[in-house]
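Taken in sequence, the protein lines are chains E and W.
Add 24 to the 1-based position in the first sequence for the working numbering, that's all there is to it.
Add 668 to the 1-based position in the second sequence for the working numbering, that's all there is to it.
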Amino acid sequence: MKAEHLSSFNFPESDLDAPLFFETAASRLGSGGRALAYFAVPEGEAHRLVMAVGFDRDGRIEVYSTLISGPFKALTPSFPQLHLFEREIFEQAGLKPEGHPWLKPLRFNTPGAVPGVADYFTVHGSQVHEVAVGPVHAGVIEPGHFRFQCHGERVFHLEIMLGYQHRGVEKKFIGGPDGRSLHYAETLAGDTTIGHGWAYCGAVEALCGVNVPPRAQFLRGIMLELERLANHTGDLGALAGDVAFQPTASFCGRLRGDFLNMSALICGSRFGRNMLKPGGVNFDLDPALIQELRARLELTLRDVQNAVSMLWETGSVIDRFEDTGVISKQVAEGLGLVGPAARASGVGLDTRRNFSSGPYEGFTLSVSGSGDVYSRAYVRWLEIQKSAELIAGWLDTLPAGPVEAECGDLKPDSAAVSLVEGWRGQICHFALTGRDGKFRHYKVVDPSFHNWQGLALALRNGEISDFPLCNKSFNLSYCGRDL
Amino acid sequence: MIKALIARLKQGYRTMDFPSAGLKLPPRGLGLPRVKAAGLEKAAAACPYGAISAGENPGLDLGRCIFCGACAKAAPEAVEFTREYKLCASGRKDLVITGGDFKRAETLGADLRRMFGRSFKLRQVSAGGCAGCEADCNVLQTIGWDLGRFGVQFAASPRHADGLLITGPVTKNMELALRKTYAAVPSPKIVIACGACAIAGGPYAGHEECVGIPPEIPVDLYIPGCPPSPLTILDGILRLIGRID
Chain E
25 MKAEHLSSFN FPESDLDAPL FFETAASRLG SGGRALAYFA VPEGEAHRLV
75 MAVGFDRDGR IEVYSTLISG PFKALTPSFP QLHLFEREIF EQAGLKPEGH
125 PWLKPLRFNT PGAVPGVADY FTVHGSQVHE VAVGPVHAGV IEPGHFRFQC
175 HGERVFHLEI MLGYQHRGVE KKFIGGPDGR SLHYAETLAG DTTIGHGWAY
225 CGAVEALCGV NVPPRAQFLR GIMLELERLA NHTGDLGALA GDVAFQPTAS
275 FCGRLRGDFL NMSALICGSR FGRNMLKPGG VNFDLDPALI QELRARLELT
325 LRDVQNAVSM LWETGSVIDR FEDTGVISKQ VAEGLGLVGP AARASGVGLD
375 TRRNFSSGPY EGFTLSVSGS GDVYSRAYVR WLEIQKSAEL IAGWLDTLPA
425 GPVEAECGDL KPDSAAVSLV EGWRGQICHF ALTGRDGKFR HYKVVDPSFH
475 NWQGLALALR NGEISDFPLC NKSFNLSYCG RDL
Chain W
669 MIKALIARLK QGYRTMDFPS AGLKLPPRGL GLPRVKAAGL EKAAAACPYG
719 AISAGENPGL DLGRCIFCGA CAKAAPEAVE FTREYKLCAS GRKDLVITGG
769 DFKRAETLGA DLRRMFGRSF KLRQVSAGGC AGCEADCNVL QTIGWDLGRF
819 GVQFAASPRH ADGLLITGPV TKNMELALRK TYAAVPSPKI VIACGACAIA
869 GGPYAGHEEC VGIPPEIPVD LYIPGCPPSP LTILDGILRL IGRID
């Protein structure tokens with residue numbers, strides 16, 4: 025929804041000296057800035073470190089860069105939100121962030137790396153035991169490896185080792201856009217097809233200098249909010265299932281499908297595949313379809329209200345939700361958490377508000393919480409109501425006009441940052457073009473990239489039996505993080 | 669308790685009939701394609717996955733197709749997608765659509781059908797991919813679809829399973845886990861490749877990070893789609909165990 029074209033940003037000219045780069049980054053991150061992306065771009069024998077910092081309060085993005093050719097100064101000790109970015113730079117570019125406390129593989133894709141084999145954090149003591157789970161789990165879910173250091177039921181520490189879903193998508197954007205690029209974006213995380221698809225389209229449109237027609241922007245908004253409705257509803261059902269409250273679990277499972285079917289009504293795909301394209305959308309709504317969607321939305325929301333309200337009225341549910349898996353605001357900000365998980369801890373970040381544009385101009389939604397499972401659940405319920413209200417409003421006031429604009433060539437030697445508030449949180453795509461107007465680098469930051477460590481910390485000093493519940497309250501993407 | 673009962677009444681009975689007459693993908697959905705040789709070159713050129721071959725043996729490979737519709741847009745005279753959701757096949761070659769009839773999935777032999785026809789437990793292995801296939805497998809377990817009424821369930825352990833349902837292009841990083849899970853399923857065992865990734869790599873076809881389902885793990889049922897509609901998955905599984913025609 026926010027796409028910033030950095031045409032004026034000439035990397036070689038605006039590069040900072042390395043010491044100034046790290047000093048600037050530290051001062052910005054220490055004064056309200058949040059890392060959107062931090063990565064290394066190969067430049068001949070050397071690398072260019074690029075950091076995009078978002079200032080949520082004033083909806084501003086700044087980008088800094090520097091050329092380096094060897095080890096660099098780790099900022100993680102002062103800014104834990106960078107811990108995974110620096111590990112990624114080490115793994116992808118071989119540049120060592122010196123002083124990084126936790127330098128382990130991320131995706132196990134370097135020569136000799138064996139998935140899941142790394143130095144794990146361990147706790148020693150005669151009564152301490154270790155529980156290892158995965159990569160193949162009991163449910164129909166994605167693969168990942170979890171290690172708990174426990175004392176009885178109590179979890180001292182949870183370490184999450186992923187990378188099993190690594191299928192090499194990010195680097196395949198390079199040389200594009202081509203026939204596959206949009207499909208790559210749509211499948212970065214299948215349940216966030218519209219979120220990532222929009223972020224990709226936003227980056228391309230910024231690089232082409234094309235304005236998306238208002239009607240297309242609103243149609244995208246409808247699809248994005250339907251995606252949020254489906255997933256939030258499914259999550260509330262799954263949370264109910266994890267505390268053995270069957271009514272809400274059953275109802276929400278069905279209702280999630282009803283939202284997906286509304287997406288399918290618009291574009292043929294339950295996940296919104298084929299809906300988006302750079303420049304606009306592939307499908308339009310006629311009055312009959314608008315009428316149908318309005319009717320379905322009203323009925324479905326009524327049933328969601330009925331199903332979800334039981335959660336807040338049932339003592340056994342509240343007892344399990346409250347004070348479980350607490351993430352304080354300080355921890356959430358320190359780790360750079362995003363999305364409902366951050367908002368539930370009192371962090372006021374929502375891309376739709378902080379970086380609003382298009383249909384989200386004037387968007388407001390005030391949510392907060394105490395950082396426990398209850399807050400993460402309740403924030404979802406508030407967002408469900410808001411999303412339904414947005415869609416209903418947009419269906420009534422859909423602007424007339426075309427649904428696509430012609431995208432020309434991408435500007436050469438240019439860059440763009442694109443931000444979208446996916447249902448899990450902020451999605452960031454950072455695209456750089458080369459002299460030929462093709463992507464020379466493409467960086468994807470899924471909200472899960474920030475949030476996995478939040479789940480690990482939510483378990484600290486909790487009970488191991490609360491893990492499924494905490495896990496669902498975050499419901500993070502493995503494939504979005506592993507790329 | 670009373671509130672839960674009242675809610676149950678309000679929510680109503682929501683399990684769909686399956687199979688039912690006239691069941692189709694949504695109006696804008698892309699199902700079983702019809703292919704004509706004329707103009708197929710143009711369609712083939714538009715496909716980023718090489719799913720269409722023109723020339724001597726013209727055809728569209730449902731295994732490679734991710735149903736993006738680029739071919740039908742480029743050459744509507746050559747490829748047209750219908751709303752038919754019955755796309756599953758037993759043989760890899762059966763997935764290639766030519767001008768003739770599509771050969772749907774076959775039912776297991778009498779012995780296996782006796783074993784699995786009324787109770788069929790699957791261990792799902794997610795091996796790369798975007799988790800779209802997993803989402804549509806999960807939806808089958810909701811009250812809307814109620815997979816359990818057909819005697820089919822997802823099992824928590826491979827030891828308790830009659831077979832594997834594999835999704836994803838099988839990343840290098842998941843290959844060993846997949847092999848171990850397969851080995852842990854008692855024989856005789858069934859293998860289902862669910863989704864374009866598991867069949868032929870899907871959007872990630874040709875990536876060095878993906879190895880595909882190893883030949884030692886023979887596939888009994890192919891479920892095309894990206895991701896397949898829950899209708900397609902259910903149709904395939906029930907055809908396989910002989911619950912529907």
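Backbone N, C-alpha and C fix where the C-beta goes; we use that ideal spot for every residue, glycine too.
{"Item": "Going by DSSP, what residues sit across from residue 878 (chain W) in a beta bridge?", "Value": "W:839"}
{"Item": "Just the chain W side, please: which residues come within less than 8 Å of residue 330 (chain E) by C-beta, in chain order?", "Value": "675, 678, 679"}
{"Item": "Give a yes or no on whether 7 Å exceeds the smallest Cβ distance from residue 805 (chain W) to chain E.", "Value": "yes"}
{"Item": "For the beta strand (DSSP E) that residue 86 (chain E) lies in, which residues bound it at each end?", "Value": "84-92"}
{"Item": "Taking only beta-carbon positions, decide if residue 694 (chain W) is within less than 7 Å of chain E.", "Value": "yes"}
{"Item": "Touch check for the segment 729-748 of chain W and the segment 691-706 of chain W: three-plus C-beta pairs under 8 Å?", "Value": "yes"}
{"Item": "Got a sec, what are the start and stop residues for the alpha helix (DSSP H) residue 256 (chain E) sits in?", "Value": "238-266"}
{"Item": "Which residue comes first and which comes last in the beta strand (DSSP E) that contains residue 442 (chain E)?", "Value": "439-446"}
{"Item": "Determine, using beta-carbon pairs with one atom in the segment 263-274 of chain E and one in the segment 328-345 of chain E, whether at least three such pairs fall under 8 Å.", "Value": "yes"}
{"Item": "Is DSSP giving residue 788 (chain W) helix, strand or coil here?", "Value": "strand"}
{"Item": "Short check: CB of residue 174 (chain E) to CB of residue 408 (chain E), under 7 Å?", "Value": "no"}
{"Item": "If you draw a straight line from the C-alpha of residue 798 (chain W) to the C-alpha of residue 868 (chain W), how long is it?", "Value": "15 Å"}
{"Item": "Would you say residue 516 (chain E) reaches chain W, if we count a Cβ-Cβ gap shorter than 7 Å as a contact?", "Value": "Summary: the structure shown does not reach residue 516 (chain E), with chain E confined to residues 25 through 507, and so no result is reported for it."}
{"Item": "So residue 474 (chain E) is in the alpha helix (DSSP H); what residue range does that whole segment cover?", "Value": "471-482"}
{"Item": "From this set, E:448, E:467, E:193, which residue's C-alpha is nearest residue 496 (chain E)'s C-alpha?", "Value": "E:448"}
{"Item": "With 7 Å as the threshold, decide whether the Cβ of residue 295 (chain E) is near any Cβ in chain W.", "Value": "yes"}
{"Item": "Terminal residues of the continuous beta strand (DSSP E) containing residue 26 (chain E)?", "Value": "26-29"}
{"Item": "State the DSSP-derived secondary structure class of residue 384 (chain E), mapped to helix, strand or coil.", "Value": "helix"}
{"Item": "Consult DSSP for residue 342 (chain E) and reduce its assignment to one of helix, strand or coil.", "Value": "helix"}
{"Item": "Just checking residue 150 (chain E) against the ligand SAH - is the residue's beta carbon closer than 6 Å to any of the ligand's heavy atoms?", "Value": "As presented, the structure is devoid of all ligands, the ligand SAH included, so that no description of it is given."}
{"Item": "Kindly list, in the order they appear in chain W, the residues whose Cβ is closer than 9 Å to that of residue 189 (chain E).", "Value": "794, 795, 796, 797, 798, 799, 836, 839, 841, 842"}
{"Item": "Give me the subset of the segment 857-889 of chain W whose CB atoms are less than 7 Å from a CB atom of chain E, sorted by chain position.", "Value": "871, 872, 875, 876, 877, 878"}
{"Item": "In angstroms with no decimal places, state the Cα-to-Cα distance between residue 714 (chain W) and residue 238 (chain E).", "Value": "29 Å"}
{"Item": "Between the segment 454-477 of chain E and chain W, which residues of the former have a C-beta closer than 8 Å to a C-beta of the latter?", "Value": "none"}
{"Item": "When you compare each of W:911, W:877, W:763, W:669 to residue 196 (chain E) by their alpha carbons, which one comes out closest?", "Value": "W:877"}
{"Item": "Could you tell me which residues DSSP pairs with residue 721 (chain W) in its beta bridges?", "Value": "W:727"}
{"Item": "Which residue comes first and which comes last in the beta strand (DSSP E) that contains residue 132 (chain E)?", "Value": "Note, residue 132 (chain E): premise wrong, no beta strand (DSSP E); not H, not E."}
{"Item": "Could you give the distance in angstroms between the alpha-carbon of residue 116 (chain E) and the alpha-carbon of residue 135 (chain E)?", "Value": "11 Å"}
{"Item": "Taking a contact to mean a Cβ-Cβ separation below 7 Å, would you say residue 473 (chain E) touches residue 397 (chain E) in this structure?", "Value": "no"}
{"Item": "CB-CB under 7 Å to residue 303 (chain E), same chain, minus the five flanking residues each way: which ones, in chain order?", "Value": "229, 234, 236, 428, 429, 430, 431"}
{"Item": "Can you give me the Cβ contacts of residue 402 (chain E) inside the same chain, cut-off strictly under 7 Å, excluding the 5 residues immediately before and after it?", "Value": "393"}
{"Item": "Looking at chain E, which residues of the segment 719-753 of chain W have a Cβ within less than 8 Å of any of its Cβ atoms?", "Value": "734, 735, 736, 737, 738"}
{"Item": "Counting C-beta neighbours from all protein chains within 10 Å, is the total for residue 205 (chain E) 16 or more, i.e. buried, or is it exposed?", "Value": "buried"}
{"Item": "Tell me which same chain residues have a C-beta within less than 8 Å of the C-beta of residue 826 (chain W), skipping the five on either side of it?", "Value": "791, 832, 849, 850, 852, 853"}
{"Item": "In chain W, which residues lie less than 8 Å from residue 207 (chain E) when you measure between Cβ atoms?", "Value": "716, 734, 736, 871"}
{"Item": "Since residue 767 (chain W) and residue 703 (chain W) are thought to touch, with beta carbons under 8 Å apart, how far apart are those beta carbons, to the nearest angstrom?", "Value": "6 Å"}
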